[in-house]
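Working notes, structure below.
Residue numbers (this note's numbering), protein chains in the order written: chain A, 1 to 541; chain E, 542 to 1082.
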C-alpha cells in the first residue's frame, strides 16, 4: 500500500544531486561513475590551506561510506565509467581571508576519467572539495558518483555566513570548538563569531591584564590561552572560516569587575538585578571614568593583534542607563560637567570606536549602539541586527552594512523556556526556531533598493549559552544552522527565481544531517526516519 | 562586591547534604569524615542484585571525584574521623520487582568507623547505595563525607516513577538504553516504559510473526532481538527498574501492515493522513476482523512471556474512527451486523483485554480506552493519563489506578516546534517544559479523597522520539526527568508539609546534573555555571 505513493513521489521528485547548500548552477547527466580510492592532485602552485584541505577531504571521502536515508532500498547503481581522480587548480596562493574573499569554484566530473576543481582562491577550493565530497555515495561494495557528467559553478550569495558561539555563560573545550568549525565547513559557513567573554566569565588569557582571566575565568582549566586562540584561528582558517572576536563593552562586563572593581558600575545588584541588566549578574564599565576608556583601548590593542581577522566586534548591546544613573561616581561627573549619562555614553563610544577605527579593523557592533544610544560610528562599521527584521531594514536605510541575526528567526537557544531558578514560565524569545522557520527567513525582505540590498553582508545564527554547553552544543546547532547556511550561500531562490520551500529541500537536509552524524557531529534528527525515507509523506496536507 | 551576597546566602542556605532525590528523613551532624578507598561488605545472605549493585557502586564511588559547583572555592574540609567501610544487610533475597516492591532503606554514617545500610529488599539496597554514593565528595587529595554523623531513613512516595522511551519513531542502540537505565537509577526511577513499536517501525523480534520485524524494522541492525530484550530486562532489573513493554494497538500500527496488510485499515493515506491519524503514516488494525484479535492475542502471548514484568501496556491511544468507517471491509461488517464502529471497537477491546487479563498481567492502557472509547476494563487495569491533569482526577474518580503523564508537564519532547516538512510553526504541545515547570506539577492536585489519592500510583515523563534519537537523547531527558524523579520519590513536601520550591532545590539539582555528567550522561546545563556557583543569585526578583 506504500508502494504506489512512493512510485508517485519518485515521478515528481527531481533526481537532483543532494548537495547542501545547493550550488548556484548544477548540470547533471544520467550516467553513474564508479569510484574506488579517491586521489586528489594539484596542478600549479597551491597554498598550505589547499594542501591541508586536500588531505582532510581525501580522508573524509575515503573513510566515508554514505548512503542517504532516501536511498535505503536503492540497489547497486550500474556504472558507465570510472573516476580517475580529482585535479585541483587555483589561481592564487594568497591566503587572505575576509569579507571580500572570492569563494567561487567550478567542478567538473566526467563519466569517465579525471574530475577537475578550479577556484580563484584557496577558499574556493575548500568549498569545492566539500561539494565534491557530497557527490560520492556508497554503492554496494564500492562507491559511485551518480548523475554524471556533472558541471557545477558555484559562489556564495552572501559574504558573511556566521555562527555566534558564546563561551562565557558556559565554557567549551577546544575540542567542541574544533568540532563546530568542522561542522560549519560542511555547510560552507565562514564566520565564527566568537562571543568569547561576557558577564559570567572571562575565559581568555590577557597578556596586558592577566588578572582578567585569572579572576574572571571559571577556572584555570576553563580559559583559552593566547596559544589556544591561535590554534582556533589556524584551524578555522584552514576551513575558510574567519574568527571574529567579540569583546562586549561597556555592558555585559561583570567578569571584568572581579579583578577591576574600580572600573565598574552596578556590580551584581541583588536581588533586583533586573533593574540593572538583562540577566544576572549586573555590571557595566563605568563610562564616566577615563580609566575605562583606557582599559578598553588597551584590550583592543592586545586582542586586535591576537585575533588576526580584519574585523573586531566591540559589543555594545543591552546597555542599562540606570546602572550609571544610580552610580555615585557617575553622579559626581554628571554634577561636575552637566553631561547626562546618555551624553557620557556617546562620548565614551566615540573614544573607543575611534581607537578601534585606528587599528584598521572593520568594526562590528550590535544594533543598540546606533539605534538606542544614537551613536554614529564610521560607515565602515557593520551593525549586527538582532531585535527583529525591522532593524535590518533600518540599518541599511541609515547607510550601514548589516549582518542579520534576527532573534525571532536565528537565535538557536530560544524555545528552551526560562532559566531563572524560581520562574516556571517561558523565555522572552520562545518559541523554538525550527529549521523550517529558519529556512523561510529572508534577510532581504522589504529591502528593494539595490544599494541597500548590497549592504546586507550576511546572516548569522546565534547560540547563546545560558542553557547550553558541551553536553548539548551539537544538537542545539545542527541541523538548524545548516538551514541558515543554505539560504546564505545559495540565496532564497533558484536560478528561475522560484523561492525554495522547506518541503522541497527537506530530503536534502535530511541527507546532510545524516552525513554530519556520520562525520561525528551529533546533529539531531528532523523527523522520524520513516519521513526521511519517504519524501513528501510527512507534509501537512 | 559579590562577597556580601554570598555571605548572606550562606547564612540562609541550609547546610544540607545535597542528595537527589531528597530522602524522606535525613539527620546530619557537623563533623566530616575522611574517606579513602571505599569498601562495601555484606552481612547475611544477599541476592545477586545486591552483589551486582555493590560492585557497580564500589566502582562508581572509587572512580568518582566529585565536587559540587557550589563548592568550587571550598577549602579542604577538616575531618574528625575516618570512614571504615559500608556494611550492607538486607532482610530478603527475593528479587521480585513490581508495583508493591519495598524500596525503603536506612543508612547510617558515623563520624568514625563503619557505615551501615539496611533494607527489606535488594531494591532498597540499590536505592541506598545510590544515596550513599552521593554523600561522598572530593576533598583535596582525598574524599570526605560531610556533616557526619548521618542518619537517613528513606522510602518512595510513589510506586511508579517512570520514563517512556520511544524506540519506534527513531531507533536507539542498546548502549543508549543502558545509559538511560543508568541515569534513571541515579535518580531512583523504577519504570522503563518501553514504547517499543509504533506506526513508523517495529524494531523487536517476534518469534510468532518473524515477518513483523523483518519487514517492519528500519533495518536488520535496527531491531532488538529477543536476547537483546532479555539483556535490557536484566540490566534494568539490576538497577531496580521494571521494564513495562507497550504494544500499542489498535492504532499506531502501520508498521504491522508492512507484513500484514490483510489485517489493516487506512494504510498510509496520503496526502490527507491527518484525517486518519495523529501523524503520518496512518494505519490501524482492522477491528472488524476476528483475525486482528487473534493476531494481537498471539502477540500478547509471546511478549507477555518475553517481558517478565507483572505489567503489560496495551496502548489504546489516538484511535481514529474514520479510519474504519471509510474501510470497505469494516463497512461490510457494519452492514451485516448492524454494529457501528464504536461498538465494534468496544467488542474488540473486550476480546483483547480479556485475553491480556487471562495472562495474569497487570494491564496498562492509555486513558482514551476508557474516556473516549468508553470501554470498561477490569479494575486491575492502570490508566495512563496524558491529556491533562483532569484525566488523572477523572481516572481515580472512576475507580482506576492511574499513572500521571500529563503532556503539558511531562512530555519532554514538546517545545521543539512542529516537524512536518512544510509547516513553519509550533507543535501542538509547545512550549518546552522546563525543569521548574516539571518540578512544580503535583500529580495529586485536586484529589482530596484518601482512597482516590492512593490510586495515583505514580508519575511518568515521556520522551516521544519524532525529533529525538541517540544524538540528543541525553540532554533531552536530563536533568528534566530528574526533576520529576524527585517529586515522585520524595513527594512534593518536606516533613513539615512545606511544598518545596524550585528556588530551594535548584542548587541540589545543579549538583545532581554535574554528577550525572561526571558519570557519562550528557545532561544539559540548567543555567550559566555562574548561577550554579551562586545559589539564589539567578532568581527572578
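Quick reminder that beta carbons are idealized off the backbone N, C-alpha and C, glycines included. Since we're looking at a predicted model, the values are computed, not measured.
Residue-level contact check: residue 710/E touches chain A, since one or more beta carbons of chain A fall below 8 Å from its beta carbon. Look at residue 1078/E here: in three-state DSSP terms it is coil, with no helix or strand label. For residue 417/A, the chain E residues whose C-beta falls within less than 9 Å of its own C-beta are 956, 972, 973, 974, 975, 976, 977, 978, listed in chain order. For residue 27/A, the enclosing beta strand (DSSP E) begins and ends at 25-35. For residue 186/A, no CB of chain E lies under 8 Å from its own CB, so it is not counted at the interface with that chain. Secondary structure note for residue 1019/E: it is in no alpha helix (DSSP H), with a DSSP letter that is neither H nor E. Around the beta carbon of residue 613/E, fewer than 16 other beta carbons sit within 10 angstroms, so the residue counts as exposed. Comparing C-alpha distances from residue 68/A to each of 136/A, 44/A, 43/A shows the shortest one belongs to 136/A.
Contact between residue 242/A and residue 294/A is ruled out by a C-beta separation of about 29 Å, above the 8 Å threshold. In the DSSP annotation of this structure, the continuous segment of the beta strand (DSSP E) that includes residue 143/A starts and ends at 142-154. Here DSSP, grouped into helix, strand and coil, assigns residue 585/E to coil.
About 12 Å separates the Cβ atoms of residue 124/A and residue 95/A, ruling out a contact at the 8 Å cut-off. Closer than 8 Å to the CB of residue 741/E there is at least one CB belonging to chain A. Interface residue (Cβ-Cβ distance to chain A less than 8 Å): residue 964/E is classified as such. Around the Cβ of residue 668/E, a 10 Å sphere holds 16 or more other Cβ atoms; the residue is buried. Around the Cβ of residue 856/E, a 10 Å sphere holds 16 or more other Cβ atoms; the residue is buried. Pairing residue 703/E with residue 299/A, the inter-Cα distance amounts to about 53 Å. The continuous beta strand (DSSP E) containing residue 905/E extends over residues 903-907. The segment 712-762 of chain E contains, as complete beta strand (DSSP E) runs of 3+ residues, the segments 732-736 (chain order). With a beta-carbon spacing of about 5 Å, residue 652/E and residue 689/E fall inside the 8 Å limit used to define contacts.
Per the coordinates, the alpha-carbon of residue 1061/E lies some 14 Å from the alpha-carbon of residue 1018/E.
Counting along the chain, no beta strand (DSSP E) covers residue 871/E; the unbroken alpha helix (DSSP H) around it starts and ends at 869-878. With a contact defined as Cβ atoms closer than 8 Å, residue 394/A and residue 1069/E miss out at about 31 Å.
Note on the segment 361-420 of chain A: whole alpha helix (DSSP H) runs with a minimum of 4 residues are 368-371, 389-397, 407-410, in chain order. Within chain E, no residue has its CB atom less than 9 Å from the CB of residue 301/A, the nearest being about 28 Å off.
Leaving aside the five residues that flank residue 371/A on each side, none in its chain has a CB nearer than 6 Å to its CB. Counting only runs that start and end inside the segment 758-793 of chain E, the beta strand (DSSP E) elements of at least 3 residues fall at 783-790.
Leaving aside the five residues that flank residue 244/A on each side, the residues in its chain whose CB is nearer than 8 Å to its CB run, in chain order, 162, 191, 192, 193, 194, 307, 309, 311, 312, 313, 364.
Under DSSP, the beta-bridge partners assigned to residue 161/A are 459/A. Within 10 angstroms of the beta-carbon of residue 277/A lie 16 or more other beta-carbons, which makes it buried.
Short of 6 Å from the beta carbon of residue 910/E, and not among the five residues preceding or following it, lie these beta carbons of its own chain, in chain order: 857, 916. Within chain E, no residue has its CB atom less than 9 Å from the CB of residue 212/A, the nearest being about 16 Å off. The alpha-carbon of residue 571/E is positioned some 43 Å away from that of residue 474/A.
Residue-level contact check: residue 274/A touches chain E, since one or more beta carbons of chain E fall below 8 Å from its beta carbon. Residue 657/E: not part of any alpha helix (DSSP H); member of the beta strand (DSSP E) spanning 654-660, first to last residue. Looking from the CA of residue 1059/E, the closest CA among 471/A, 105/A, 357/A belongs to 471/A.
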